[in-house]
């Protein structure tokens, strides 16, 4: 996230909220660049992770595995 640009964190937050809107308050919370996924079982958790990563991939956003 390039913080040297004006309003970069707010812009990034808006983009993430827009992309993941269908999942917010169903099974994720988002704060800046943190995405918290919650579930009642491991099986649900894996499905939710797949849904979130698929949505991010469709939007051409990448996840850095070393930081996740």
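Residue numbers (our numbering): 45 to 112. Each residue gets a CB set at the ideal place from its N, CA and C atoms; glycine is no exception. Here the structure is a predicted model, which means the values were calculated and not measured.
Asked                                                                                  : Found
Burial state of residue 7 (16 or more Cβ within 10 Å)                                  : What the structure shows of the chain is the stretch from 45 to 112, and residue 7 is not part of that stretch, so it cannot be assessed.
From 86, 82, 94 and 102, residue whose alpha carbon lies closest to that of residue 62 : 102
Straight-line gap, residue 70 to residue 52 (C-alpha atoms, nearest Å)                 : 27 Å
Coil, strand or helix - residue 100 by DSSP                                            : helix
Residue 97 to residue 110 span [Cα, whole Å]                                           : 15 Å
Start and end residues, alpha helix (DSSP H) containing residue 63                     : 52 to 63
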